[in-house]
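These notes concern the structure reproduced below.
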Amino acid sequence: MSKKVRVRFAPSPTGGLHLGGVRTVLYNYLFAKQHKGDFVLRIEDTDQSRYIAGAEEYIIDCLKWCGLNPDEGPHVGGDYEPYRQSQRKDFYKEFAEQLVKDGHAYYAFDTPEEIEAMREKQKAEGKHTLHYDHSTRGSMHNSLPLSPKETKEIIDAGTPYVIRIKIHPGEIISFEDMIRGTVEFNTDNVDDKVLLKADGMPTYHLAVVVDDYLMKITHAFRGEEWLPSAPVHILLWKYLGWINDMPKWAHLPLILKPDGNGKLSKRDGDRLGFPVFAMNWTDPKTGELIKGFKELGFLPEAFINLLAVLGWNDGTEQEIYTLDELIEKFSIERVHHAGAKFDYEKAKWFNHEWIKKLPVASWQLTVKNNFINRGLLIEDDNKFNKVLELVKDRCTLLTDFYEQSVFFFVAPEKIDVDSIKPKWNDNKQMFFIELVRAFELIQQWQHDDLENTFKEIAAAHQLKPGELMLPLRIMLVGGKFGPGVFDIASVIGKEETVKRIKYTLGLFV
RNA sequence: GCCGCGUUGGUCAAGAGGUUAAGACGCCUCCCUUUCACGGAGGAAUCACGGGUUCGAGUCCCGUACGUGGUACCA
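Number 279 in my numbering belongs to position 278 of the first sequence; there are no gaps in the numbering.
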């Protein structure tokens, strides 16, 4: 009987939830759900200097919007509380002390200045590694050469200290990554990482191991930027005596900038005009607002979909997936090894596909609120839905609906008369005057009747409907866009149609 | 610098020794459409380089180049 699958997303609440972060959540979530396991949210807030108010709530809101809700977490509780590392301080200290006792870690009393001096010295000697490691720890200020009694005296005297892991050189640490296969590291290149900071808080390295163990995590998926510190974590699992319970690892490829090179950052979004965060994030310190996919008009279904296939595919030609399909088909082994450049054009294509795929009712409210925010109140839901249905083919973002359909509710402010003037003549003028008269008499204000009336009068004036259609369109919508003219006329109604034609006609005299 | 990871069209990518090297986005052309889209049909465009192994290599091995990540009392 294998253990129940348990995965975790462990963000540091420092503000904003990045695309890559959401993808990590998604892969965790898909894997957990596929295996009928648990998805836990753990807040890695061990760096007090980076505390950002509201960041934790923001992350939870983002997950909620995406529909990737954790089974356990600080907001919902669970069997392994607490889920904030700042509240689990005592656990870490206990295990760090244990490691010291077992000879796998030691106290270090060096000040930052002393460490900096050591690095400078190494640099001056032309050494390549600027590490606190087996080659340098002998000359540093730590408990290694001291007796337990001496050490205790220093600590009791109030000397600030950290606890460092003691890495033995010359060992090969290897492990199986679910995506990359066997990965090897030589401990010659790994330094004596700090496990417990001077303020008593653990570093990520200690905390992640302790919590993954205590929370019975079976599979740990994280960004590729963690790969180099994997040997430290593995050693910790070993030294703590838990190696048989170590989760299986998977290091996810990074999401890169679309142009140039490097990891995608929030700055790139500003620079290139696309969102990087899931939802709007306002930095409480600077007041700076970073735009989110949600507010820019993305559907969560599309956001999830595009993230899922950025670095993963099921080997078929399918590209559009519902969350349930993803849960069924996702496989961590098929995740690409290389980083992927983010392509905003394709992201928008996904959104467009989802707008067309989903029933209007599922996003109608979002668009409605969007209209309200722009000062357009919607009273007639029936008409509103009809309009959305009519224009959805030409909207890639939810925010596009406004421009594509305001004219259904308010007469256009500007009429593009320049597009009709050059070919305007008295005959056309006469045609429209008569059209207005005929429209006013129509009993059944319906698409087909309007079109027939239009064509009959055109024929009577020996005009081709084609040369009349564009002027009519411009009179109704203001420009050269929008759905079929008679669809528009039938929705806005007789009174409004007649009014708009008359208005434009008035511009010619 | 050192260590790790990676490298198929502009982008996302399929491909697990023998294929005309899929597909999608974007771009271009045409059709449909009496606007713009949607839809449909085409098109241009790719295995980083050099050595091996093999009858045969995008696929396996080794180098090189390039990219990327790490190298903190940040995660």
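For glycine and all other residues, C-beta sits at the position ideal for the given N, C-alpha and C.
Note that the coordinates shown come from a computational prediction; the quantities given were computed from them, not determined experimentally.
For residue i, does the three-state DSSP call read helix, strand or coil?
i	result
alanine 109	strand
threonine 219	coil
serine 87	helix
tryptophan 250	strand
threonine 454	helix
methionine 2	In this predicted model, methionine 2 has a pLDDT of only 48, less than 50, meaning its place in the structure is not dependable enough to derive any value.
glycine 265	Residue identity differs from the one stated: residue 265 is leucine in this sequence, not glycine. It is coil, neither helix nor strand.
threonine 400	coil
valine 486	helix
glutamate 441	helix
leucine 366	helix
threonine 498	helix
phenylalanine 278	strand
glycine 376	coil
leucine 257	strand
isoleucine 291	strand
glycine 224	strand
isoleucine 166	strand
Considering only the alpha carbon of each residue, which of the options lies closest to residue i?
i	options	result
glycine 16	Ala56, Glu326 and Phe385	Ala56
phenylalanine 440	Gly494, Ala461 and Phe343	Gly494
tyrosine 81	Pro113, Met179, Leu18 and Asp39	Asp39
aspartate 382	Val368, Val41, Lys393 and Val195	Val368
tryptophan 350	His337, Gly340 and Glu320	Glu320
asparagine 262	Gly340, Phe455, Pro12 and Ile116	Gly340
aspartate 269	Trp364, Tyr345, Asp212 and Asp48	Tyr345
isoleucine 489	Phe410, Arg438, Asn143 and Arg138	Phe410
isoleucine 85	Ile44, Pro259, Leu297 and Gln35	Reading the sequence as shown, one finds arginine at residue 85 and not isoleucine. Closest option to arginine 85, Cα to Cα, is Ile44.
alanine 362	Leu377, Leu378 and Lys384	Lys384
tryptophan 227	Asp178, Phe275, Arg272 and Asp260	Asp178
isoleucine 61	Asp213, Lys249, Thr152 and Gly22	Gly22
isoleucine 116	Tyr162, Glu98, Leu398 and Leu20	Tyr162
aspartate 246	Ile235, Glu151 and His252	Ile235
tryptophan 66	Trp238, Pro301 and Lys387	Pro301
leucine 473	Glu496, Ala461, Ala460 and Lys503	Lys503
asparagine 352	Ile379, Leu297 and Ala118	Leu297
histidine 338	Pro113, Glu225 and Val277	Glu225
tryptophan 355	Gln35, Leu307 and Leu377	Leu307
alanine 11	Met216, Leu197, Ala158 and Lys286	Met216
Contact defined as beta carbons within less than 8 Å: I believe residue i pairs with residue j. What is the distance between those atoms, to the nearest angstrom?
i	j	result
phenylalanine 408	glycine 507	With 8 Å as the limit, phenylalanine 408 and glycine 507 do not qualify as a contact, their Cβ atoms being about 18 Å apart.
lysine 4	threonine 219	6 Å
isoleucine 174	phenylalanine 186	5 Å
glycine 479	isoleucine 416	5 Å
leucine 451	serine 406	19 Å between Cβ atoms; not a contact.
leucine 265	phenylalanine 343	5 Å
tyrosine 107	serine 144	5 Å
threonine 454	methionine 476	With 8 Å as the limit, threonine 454 and methionine 476 do not qualify as a contact, their Cβ atoms being about 16 Å apart.
alanine 279	cysteine 63	4 Å
phenylalanine 331	leucine 18	Actually they do not touch by this definition, with Cβ atoms about 20 Å apart.
phenylalanine 509	leucine 398	About 36 Å; that fails the 8 Å criterion.
histidine 252	arginine 181	7 Å
valine 41	aspartate 72	6 Å
phenylalanine 222	asparagine 29	5 Å
For residue i, which residues from the same chain have a beta carbon less than 8 Å from its beta carbon, with the 5 sequence-adjacent residues on both sides left out?
i	result
leucine 464	Asn428, Lys429 and Phe432
aspartate 192	Thr130, His132, Tyr133, Asp134 and Ile168
valine 101	Tyr107, Tyr108, Ser144 and Ile164
arginine 335	Trp313, Asn314, Asp315 and Gly316
glycine 577	Any answer about residue 577 is impossible in this case: the structure gives the chain only from 2 up to 510.
threonine 183	Ser175, Phe176 and Glu177
lysine 357	Lys393 and Asp394
aspartate 103	Tyr240
Might you give, ordered along the chain, the residues of its own chain that have their beta carbon closer than 7 Å to the beta carbon of residue i, omitting 5 neighbours on each side?
i	result
tyrosine 403	Asn371, Phe372 and Arg375
leucine 290	Asn281 and Thr283
histidine 448	Phe487, Asp488 and Ser491
leucine 324	Gly68 and Ile305
arginine 120	Leu131
serine 230	His206
lysine 124	Leu131
Could you pull out every residue in the same chain whose Cβ sits closer than 6 Å to the Cβ of residue i, ignoring the five residues on either side in sequence?
i	result
histidine 142	Phe110 and Asp111
lysine 194	Ile166, His206 and Val233
serine 87	Asp46
arginine 395	Gln405
leucine 436	Ile458
> What residue ranges within the stretch 102–163 form continuous alpha helix (DSSP H) runs of no fewer than 4 residues, ordered along the chain?
Replying inline: 113–125 and 149–157
>> Going residue by residue through the stretch 305–362, where are the continuous alpha helix (DSSP H) segments of at least 4 residues, counting only ones entirely within it?
In response: 324–330 and 345–358
>> Just to confirm the assignment: which complete alpha helix (DSSP H) runs, minimum length 4, are found wholly within the stretch 4–85?
In response: 20–35 and 56–67
> Which runs of the alpha helix (DSSP H) fall wholly inside the stretch 173–208 and span at least 4 residues, in chain order?
Replying inline: none
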